[in-house]
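Contents: one structure, followed by commentary.
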Amino acid sequence: MFEAKIDASVLRECIESITAVVDEGKLRVAEDGLKLRAVDPANVAMVSFELQRDAFDDFRFEQGSGAEAASESTAATTEVGIDFNKLRDILGIGGREEVDLKLDEQVQKLFTRMGSLAYTISLLDPASLRKEPKVPELEFPVQVVIETEEFRRTIRASEKIGDHIVLGVDGEEFYMEVEGEMDKLRLGLRKEQLIHLTPGTLHSLYSLDYVAAMSKGMSHAENITLNLGKDYPLRVDFEVADGKGKVSYLLAPRIESE
Amino acid sequence: MFEAKIDASVLRECIESITAVVDEGKLRVAEDGLKLRAVDPANVAMVSFELQRDAFDDFRFEQGSGAEAASESTAATTEVGIDFNKLRDILGIGGREEVDLKLDEQVQKLFTRMGSLAYTISLLDPASLRKEPKVPELEFPVQVVIETEEFRRTIRASEKIGDHIVLGVDGEEFYMEVEGEMDKLRLGLRKEQLIHLTPGTLHSLYSLDYVAAMSKGMSHAENITLNLGKDYPLRVDFEVADGKGKVSYLLAPRIESE
Amino acid sequence: MFEAKIDASVLRECIESITAVVDEGKLRVAEDGLKLRAVDPANVAMVSFELQRDAFDDFRFEQGSGAEAASESTAATTEVGIDFNKLRDILGIGGREEVDLKLDEQVQKLFTRMGSLAYTISLLDPASLRKEPKVPELEFPVQVVIETEEFRRTIRASEKIGDHIVLGVDGEEFYMEVEGEMDKLRLGLRKEQLIHLTPGTLHSLYSLDYVAAMSKGMSHAENITLNLGKDYPLRVDFEVADGKGKVSYLLAPRIESE
Chain A
57 MFEAKIDASV LRECIESITA VVDEGKLRVA EDGLKLRAVD PANVAMVSFE
107 LQRDAFDDFR FEQGSGAEAA SESTAATTEV GIDFNKLRDI LGIGGREEVD
157 LKLDEQVQKL FTRMGSLAYT ISLLDPASLR KEPKVPELEF PVQVVIETEE
207 FRRTIRASEK IGDHIVLGVD GEEFYMEVEG EMDKLRLGLR KEQLIHLTPG
257 TLHSLYSLDY VAAMSKGMSH AENITLNLGK DYPLRVDFEV ADGKGKVSYL
307 LAPRIESE
Chain B
57 MFEAKIDASV LRECIESITA VVDEGKLRVA EDGLKLRAVD PANVAMVSFE
107 LQRDAFDDFR FEQGSGAEAA SESTAATTEV GIDFNKLRDI LGIGGREEVD
157 LKLDEQVQKL FTRMGSLAYT ISLLDPASLR KEPKVPELEF PVQVVIETEE
207 FRRTIRASEK IGDHIVLGVD GEEFYMEVEG EMDKLRLGLR KEQLIHLTPG
257 TLHSLYSLDY VAAMSKGMSH AENITLNLGK DYPLRVDFEV ADGKGKVSYL
307 LAPRIESE
Chain C
57 MFEAKIDASV LRECIESITA VVDEGKLRVA EDGLKLRAVD PANVAMVSFE
107 LQRDAFDDFR FEQGSGAEAA SESTAATTEV GIDFNKLRDI LGIGGREEVD
157 LKLDEQVQKL FTRMGSLAYT ISLLDPASLR KEPKVPELEF PVQVVIETEE
207 FRRTIRASEK IGDHIVLGVD GEEFYMEVEG EMDKLRLGLR KEQLIHLTPG
257 TLHSLYSLDY VAAMSKGMSH AENITLNLGK DYPLRVDFEV ADGKGKVSYL
307 LAPRIESE
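Chains as they are written, first to last, in my numbering: chain A, 57 to 314; chain B, 57 to 314; chain C, 57 to 314.
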């Protein structure tokens with residue numbers, strides 16, 4: 057049994073951070089909130105999402121269909137397959153109201169209600185969804201904390217230039233660099249222009265399509281943390297729901313061809 | 057002879073209520089104002105339109121080309137074929153000015169003038185247009201008066217879900233319901249959430265494409281009246297031109313297949 | 057050696073006045089500012105562009121790569137091939153900052169910098185570009201000075217009607233006229249509705265596509281001067297960069313077929 061109440065725009069912000077990487081996935085509902093981990097169809101990008109129960113105005117969860125299951129509910133989790141695009145589209149209608157959520161596992165439906173508007177979505181069969189990925193063990197030598205808008209603006213400009221983007225650190229400077237056939241774009245920010253920077257010398261190359269998609273999912277966050285290595289995956293961390301939710305994107309690097 | 061002067065944005069609102077259903081039609085000009093009745097090419101939807109002469113800042117009409125025709129002008133009407141899409145496009149340019157209309161039946165043209173901009177449109181040959189439809193005799197057991205924006209918002213959400221929409225009344229509740237393959241949307245409004253409701257138990261199914269087109273034509277009206285029956289046509293009534301014009305849409309029901 | 061600093065939005069306005077006619081061209085840099093003259097691929101339209109050095113916040117120019125060339129810099133000019141569309145796209149990102157320009161002829165690149173964002177564009181080989189056109193010797197019997205927005209609005213309306221537009225003067229009235237198959241649009245402005253008018257009786261026909269493209273390039277200017285003749289080219293003059301730049305469009309007339 058899962059029933060909850062949350063600001064519709066907060067939920068939408070959360071769902072948009074997920075749809076930046078995947079259309080659908082297995083949402084895990086537990087007593088302490090919601091969690092999701094999913095990879096994109098090409099296996100290049102991963103999203104990890106967590107939303108604490110106190111992001112909700114009301115949150116009730118009991119596991120299983122019977123009383124005996126509920127008694128062991130501490131570590132219990134319910135897994136539901138959700139089409140996030142559909143949920144997002146509906147949350148966009150009708151503005152800033154509160155939304156009621158109610159999960160019915162018997163009929164495999166998620167009931168949502170915004171004021172007088174009720175929207176029922178069939179759950180996806182978890183067996184039909186990609187397996188929840190393991191998060192690889194990674195160590196990132198460098199962290200960069202940057203204003204989201206600065207990052208996004210550079211990504212928008214980059215899309216006009218090329219297909220791949222270099223993210224790197226050179227001493228006390230963080231840079232983003234895109235090369236096209238005829239032209240080249242480079243953002244360079246010194247330590248004092250950033251919120252945080254671990255000095256170092258390293259860079260990696262990423263597919264710009266993926267970074268651009270991710271940059272849409274982070275639009276509500278004020279700052280993002282870029283975790284970087286040398287020819288290494290990128291992990292972008294940011295908060296949603298006024299700090300009561302966390303999102304991480306993981307993106308595989310591209311091998312630079314000379 | 058027909059010459060008139062009207063606020064361009066008022067005329068545009070009127071024309072848009074017509075183009076929501078038909079591109080062209082026979083406008084009947086008479087001493088008491090303008091009238092139109094037309095069906096869409098598929099014969100599924102009808103629009104009835106009336107604009108009183110006092111919606112105009114100036115309105116002069118005399119029938120026929122000679123003096124003798126004018127003497128019997130009381131019941132007289134002139135019928136002109138108009139391409140409403142073209143007229144609407146031009147009225148959208150140049151903002152909120154006044155527009156002068158002048159009909160020249162000799163050369164079969166409608167002259168419009170907005171400030172320094174003159175736009176001349178050739179009349180369509182009435183013989184080339186679909187016959188003006190008869191309004192079927194209908195009795196609607198139920199009337200629902202609803203805020204236009206609430207109705208339109210629900211239609212926009214519905215378009216993301218399915219192709220058909222149910223409009224119905226269940227006791228003291230009015231509802232709109234769309235079912236997709238996987239999900240379902242339902243707006244339920246109790247009597248006190250509406251401006252008016254005739255209680256009852258009935259519903260009909262309609263093609264969402266048509267309802268969505270109509271919902272664009274009513275965007276300037278504050279409220280609309282939905283006239284409903286059981287597996288019956290829908291009639292939507294609303295006012296234009298600050299109450300000096302009336303529009304009715306009639307839409308054939310779809311047969312529900314189980 | 058060319059290095060300069062200019063408001064990014066001013067530079068963008070200038071570049072947009074060029075891209076209304078051509079995508080690329082040879083920009084001539086000299087001690088007194090920038091100049092360009094280019095024809096469109098179909099040889100129908102020409103743009104002449106001039107930007108004074110005092111439109112820049114900083115402007116430094118020395119000709120040639122060595123000291124001896126610099127000594128004769130008075131009449132000296134450097135010609136660089138630029139892809140104006142690319143430059144415009146980048147200037148659109150990041151808002152109203154200042155942009156630093158630096159030309160490196162050795163490596164044939166133009167370096168631009170807006171805050172922390174550096175954009176390097178390869179120069180086009182001037183040999184690959186169309187030759188700079190000669191400006192034909194023309195005498196225009198009539199000048200009309202009109203508010204840009206009035207002109208642009210009429211062009212937008214005209215595009216809904218037809219493919220060609222007549223610009224003409226009839227006594228003390230300036231007019232723009234487009235005829236479609238079924239309808240006709242005409243703007244008529246008397247001398248007192250214009251900023252200036254040379255009375256006369258003449259008109260010419262132009263391709264609306266070209267005039268519409270040009271009308272986009274003049275959107276920042278308050279007024280434009282139309283130079284007209286009888287079945288003659290059109291020259292449109294206007295200012296950019298707060299009067300510190302000048303743009304002229306020249307457009308060949310269409311021959312009227314009866």
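A virtual CB, placed ideally from N, CA and C, is assigned to each residue, including glycine.
Less than 8 Å divides the Cβ of V103(C) from the Cβ of Y305(C). Beta-bridge pairing by DSSP links N279(B) to E203(B).
Within the model, the alpha-carbon separation for I202(B) versus V155(B) is close to 32 Å. Bridge partners of Q108(B) according to DSSP: G89(B). The beta carbon of F140(C) lies closer than 8 Å to those of I71, I74, T75, V78, D79, E80 and G81 in the same chain, with the five residues before and after it left out.
If you look at T134(B), you'll find it in the beta strand (DSSP E) that goes T133 to D139.
By the 16-neighbour rule on beta-carbons within 10 angstroms, L194(C) is exposed.
Of T176(B), Y231(B) and T133(B), the smallest CA-CA separation from L173(A) is found for Y231(B).
In this model, E248(C) and Y266(B) are separated by some 49 Å (Cα to Cα). Listed in chain order, the beta strand (DSSP E) runs fully inside the region 153-217 of chain A are 154-160, 165-170, 173-178 and 198-203, counting runs of at least 3 residues. Proximity to L290(A) across G299(A), D298(A), A297(A) and I280(A) peaks at I280(A), based on C-alpha coordinates. Under DSSP, G244(C) shares a beta bridge with Y231(C). Taking one beta carbon from each stretch, the region 217-236 of chain C and the region 293-312 of chain B have fewer than 3 pairs nearer than 8 Å; the two do not touch. Sequence-distant partners of E278(C) (beyond 5 residues in either direction) whose C-beta falls short of 8 Å from its own C-beta, in its chain, are E203 and T204.
Those residues of the region 243-257 of chain A placed with their C-beta closer than 7 Å to a C-beta in chain C are L243, G244, L245 and Q249, ordered along the chain. Within chain A, no residue has its beta carbon less than 8 Å from that of L282(B); the closest one is some 15 Å off. For the options G256(C), T176(C), V163(C) and D239(C), the alpha carbon positioned closest to that of D219(C) is the one of D239(C).
The beta carbon of Y288(B) sits no closer than 8 Å to any beta carbon of chain C. D63(C): member of the beta strand (DSSP E) spanning F58 to D63, first to last residue. DSSP places M102(C) within a strand segment (E or B) once states are collapsed to three. A Cβ-Cβ distance of about 4 Å is found for the pair F196(A) and N283(A), placing them in contact under the 8 Å criterion. In the three-state reduction of the DSSP assignment, A94(A) falls in the strand class, which pools E and B. Taking a C-beta cut-off of 7 Å against chain C, the contacting residues of the region 202-233 of chain A are R209, T210, R212, A213 and K216, listed in chain order.
Contact note: K240(A) reaches chain C through K165, A174, Y175, T176, I177 and S178, using a C-beta cutoff of 9 Å and chain order.
As computed with DSSP, K302(C) is found in a beta bridge with E106(C) and E295(C).
Residue nearest to V191(C) within the set K286(C), K158(C), L307(C) and M57(C) is L307(C) (criterion: CA-CA distance). Listed along chain C, the residues sitting closer than 7 Å to D145(B) by beta-carbon distance are K216. When Cβ-Cβ separations below 8 Å define contact, K300(C) makes no contact with chain A. For K142(B), the chain C residues whose Cβ falls inside 9 Å of its Cβ are K216, I217, G236, M238 and D239, in order along the chain.
Residue environment: D113(B) is assigned as exposed (fewer than 16 neighbouring CB atoms within 10 Å of its CB, all protein chains considered). Contact with chain B is absent for I71(A), since none of that chain's Cβ atoms lies less than 8 Å from the residue's Cβ.
Where L261(C) is concerned, the enclosing beta strand (DSSP E) starts and stops at G256 to S263. Taking the CA atoms as reference points, L157(A) sits about 48 Å from K142(C).
For D114(B), the enclosing beta strand (DSSP E) has its first and last residue at D114 to F117. For M57(B), the closest of K286(B), E161(B), M170(B) and P182(B) by C-alpha to C-alpha distance is E161(B).
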